[in-house]
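In terms of mature numbering (1 follows the signal peptide of the UniProt record, and there is no 0), the sequence shown is residues -21 to -1, 1 to 86.
Glycine included, C-beta positions come from ideal geometry on N, C-alpha and C.
Right, one structure below, let's go through it.
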Amino acid sequence: MMKTKLYVFLTLCLAVAASFAVELKDGIYTGTAGGNNGPVQVVVTVKKNSIAEVEVTLCKDGRPGALRKLCKRMVEANSVEVDAVSGATYTADAVKAAVKDALKKAQ
């Protein structure tokens, strides 16, 4: 009986969470946020309601390799909420904010 109640509860939780999911329109979107040494700009490609590509087009902070790794993580997770890259935490926060700005335009 307890397992059945738990199953019903979890199913309802998933249904509620799915109802709040945001639909993203296919396209290419730009986003900007403030970085330590100036603005951070990104280009985000959305395909089939997913993040297909993230490219940092302007950033005077951080290391290029770390930024590529961060962008790859966001695409793989289909989310901005990924772990920062070691040694580039503040830059990662700026890139994430820029990606969020771009994704707002895709809604």
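Cut-off 7 Å between Cβ atoms - residues of its own chain near residue i, not counting five sequence neighbours on either side
| i | result |
| --- | --- |
| Ile7 | Val22, Thr24 |
| Leu3 | Val25, Asn28, Leu82, Ala85, Gln86 |
| Ala76 | Ala12 |
| Leu37 | Pro18, Val19, Gln20 |
| Val64 | Ala45, Lys48, Leu49, Ala71 |
Sequence-distant residues of its chain with Cβ nearer than 6 Å to residue i (five each side left out)
| i | result |
| --- | --- |
| Leu46 | Val35 |
| Thr70 | Asp40, Gly41 |
| Ala31 | Thr24 |
| Arg52 | Val61 |
| Asp5 | Val25, Lys26 |
Supposed contact pair residue j and residue i - C-beta distance, whole angstroms, cut 8 Å
| i | j | result |
| --- | --- | --- |
| residue 87 | Leu49 | With the chain covering only -21 through 86, there is no way to say anything about residue 87. |
| Val78 | Gly10 | 6 Å |
| Val54 | Val33 | 6 Å |
Three-state class that DSSP yields for residue i in the structure shown
| i | result |
| --- | --- |
| Val1 | coil |
| Lys27 | coil |
| Ala85 | coil |
Residues of its chain near residue i, where Cβ-Cβ distance is below 8 Å and the 5 sequence neighbours each way are ignored
| i | result |
| --- | --- |
| Ser58 | Ile30 |
* Could you tell me which uninterrupted alpha helix (DSSP H) segments, each at least 4 residues in length, are contained entirely in the segment 41 to 69, listed from first to last along the chain? => 43 to 56
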